[in-house]
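Participant:
2 protein chains.
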Amino acid sequence: MNQVWMQEALQMAVENIRSGQGGPFAALVVRDGVVLGRGVNRVTTAHDPTAHAEIVAIRAACLLLGDFQLTGCDLYTTCEPCPMCMGAIYWARPARVFYAATRQAAAQAGFDDAHIYHELTLPLAERRIPMLPLLPEAGGIPFEAWATAQQRVPY
Amino acid sequence: MNQVWMQEALQMAVENIRSGQGGPFAALVVRDGVVLGRGVNRVTTAHDPTAHAEIVAIRAACLLLGDFQLTGCDLYTTCEPCPMCMGAIYWARPARVFYAATRQAAAQAGFDDAHIYHELTLPLAERRIPMLPLLPEAGGIPFEAWATAQQRVPY
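Line by line, the protein sequences are chains U and W.
FYI, numbering that gives the first Met the number 0 numbers position 3 of the first sequence as 2, with every residue one higher than the one before it.
FYI, numbering that gives the first Met the number 0 numbers position 152 of the second sequence as 151, with every residue one higher than the one before it.
1) What residue does the beta strand (DSSP E) around W:Gly97 start on, and which one ends it?
2) Could you tell me the alpha carbon to alpha carbon distance between U:Ala113 and U:Ala106, rounded to whole angstroms?
3) Under 7 angstroms Cβ-Cβ, which residues of chain W neighbour U:Arg30?
4) Strictly under 8 angstroms for the Cβ-Cβ distance: is W:Val3 near chain U by that measure?
5) Between W:Pro153 and chain U, is there a C-beta pair that is closer than 8 angstroms?
6) Quick one: complete beta strand (DSSP E) runs, 3+ long, within the stretch 17-54 of chain U?
7) Just grab the DSSP bridge partners of U:Asp73 for me.
8) Is DSSP giving W:Cys84 helix, strand or coil here?
9) Check U:Leu9 in the structure and name its three-state DSSP category.
10) Counting pairs of Cβ atoms below 8 angstroms between the stretch 53-72 of chain W and the stretch 31-38 of chain W, do you hit three or more?
11) With 16 other CB atoms within 10 Å as the buried threshold, where does W:Arg127 fall?
12) Give the range of the alpha helix (DSSP H) segment to which U:Pro141 is assigned.
13) For U:Pro135, which option in W:Leu27, W:Ala99, W:Trp90, W:Thr49 has the closest C-alpha, if you only look at C-alpha atoms?
Next up, the structure:
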């Protein structure tokens, strides 16, 4: 844990606004005192709704490591992650996550992901974006192929 | 809604296993009968924990459209999305999501994201990956800069 990394992330977030690159968020992936990945929010300029700071930083660090896991790494993010980024964190499995602002502060600033957290607790049939089963009888075919595949890497 | 798109996605998922590219998942973004984006799971081969089929397809479609929104688009995915992909869906805002396999079927095949869904409902202090506040008093600085920024695009 090092406050210097969070200070750097906060500076990156402010600079990201000044340069017009995106929203007021930044993140760093750090291991053993070395920054492995940096990310700023680039949703609007990269035309990528997944380009949240945490996702960008996780992807950058994994690319550098040549791994899909962030074992032993810490993630420093200027704000409590949204559900998408929280999911990415659980898949990447860093050791710890440090955040400065809470999601409540983000909501007050106009970045309200509370509705997404809420939606994830609802049955699929009650979601605002309709989630509809289609060809459920065929849904198992890829899993059957996976079960008998010669080459497969668990993740 | 068109079963043909789901059949194509299922074929892509099976082919993804055979070619050794990644897990048994695929997704398509379709609008007005045209495929705008395709994605297969490439987590292990791309060294990218966020390279789930839905994320890859959403990013591809947004890149093609030059937009960070998938207004009027349908997402066809071979399996009920994980929390990360669900979050991405809410940020991209497609019209509808069609899925074949349920998350329970995915869990039986060894892809269990139930623990992530559960983790998201817990207080931050109780998560398996520690989520720790750091410099909370400085967390609002980027939001203050955002509030007075000359150029900003809401998303």
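Where a beta carbon is used, it is the ideal one built from N, C-alpha and C, also for glycine.
Facilitator: With the given structure in hand:
1) The sequence position of residue 97 of chain W within the second sequence is 98, counting from 1. The question names Gly, yet the displayed sequence has Phe at residue 97 of chain W. Membership of W:Phe97 in the beta strand (DSSP E) is indicated by the continuous run 95-100.
2) As a working note, residue 113 of chain U is residue 114 in the first sequence. As a working note, residue 106 of chain U is residue 107 in the first sequence. A direct Cα-Cα distance of roughly 8 angstroms separates U:Ala113 from U:Ala106.
3) As a working mapping, residue 30 of chain U is identified with position 31 in the first sequence. For U:Arg30, there are no C-beta contacts with chain W under 7 angstroms, since the nearest C-beta of that chain is about 15 angstroms from it.
4) Translated into positions along the second sequence, residue 3 of chain W becomes position 4. For W:Val3, no CB of chain U lies under 8 angstroms from its own CB, so it is not counted at the interface with that chain.
5) Reading the second sequence from its first residue, position 154 is the one you call residue 153 of chain W. Interface residue, yes.
6) Within the stretch 17-54 of chain U, the complete beta strand (DSSP E) segments at least 3 residues long are 25-30, 33-39, listed from N- to C-terminus.
7) Position 74 of the first sequence, counted from the start, is the residue given in the question as residue 73 of chain U. Answer by DSSP bridge pairing, in chain order: U:Val29, U:Arg95.
8) Taking the second sequence and counting its residues from 1, one reaches residue 84 of chain W at position 85. If DSSP states are grouped into helix, strand and coil, W:Cys84 belongs with the helices.
9) Start at 1 with the first residue of the first sequence, and residue 9 of chain U comes out as number 10. U:Leu9: helix per DSSP, three-state reduction.
10) Short answer: they touch.
11) Within the second sequence, numbered from 1, the residue matching residue 127 of chain W stands at position 128. By the 10 Å Cβ count, W:Arg127 comes out exposed.
12) If you number the first sequence from 1, residue 141 of chain U lands on position 142. Run containing U:Pro141: 140-146, per the alpha helix (DSSP H) assignment.
13) Translated into positions along the first sequence, residue 135 of chain U becomes position 136. Taking each of W:Leu27, W:Ala99, W:Trp90, W:Thr49 in turn and checking the Cα distance to U:Pro135, the smallest one comes out for W:Ala99.
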